[in-house]
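Below is one structure, written out as structure tokens, with a few remarks after it.
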Amino acid sequence: MIKINLRKLLSDRGMTQTELASRTGIRPSTICSICSNSCTFLKLEHIDKICLVLGCEIHDFISIDHCR
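Residues in the sequence shown are numbered from 52 upward in steps of one, following this note's numbering.
Below is the structure:
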């Protein structure tokens, strides 16, 4: 199962979803769906912007749980 770790990354950096949306130019509703792991489609451009703003690598942002 693929998991998006955005909620934890934001918490670790003391940043809100609203602030991330403002700094990346990504719609707040999109940030919200990414945080809740309910998105079914994620643009590579968005991943790049989020990782740049949060100062993280893609492996920090996305993890894979091989145990189901």
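Just so you know, even glycine gets a beta-carbon here, dropped at the ideal spot from N, CA and C.
Checking 9 angstroms against the spacing of the C-beta atoms, do I101 and I53 come in under that value? no
Roughly how many angstroms lie between the CA atoms of Q68 and I55, to the nearest whole one? Going by the C-alpha atoms only, they are around 14 angstroms apart.
Can you grab the Cα-Cα spacing for the pair E70 / G76, in whole Å? Their backbone Cα atoms lie some 10 angstroms apart in a straight line.
I need the straight-line Cα distance from C90 to R64, nearest angstrom please. 22 angstroms
Pairwise C-alpha distance: I109 and R58: 14 angstroms
Taking buried to mean at least 16 other C-beta atoms within 10 Å of its own C-beta, is L105 buried or exposed? Flag for L105 reads buried.
What's the C-alpha gap between S80 and D99? 18 angstroms
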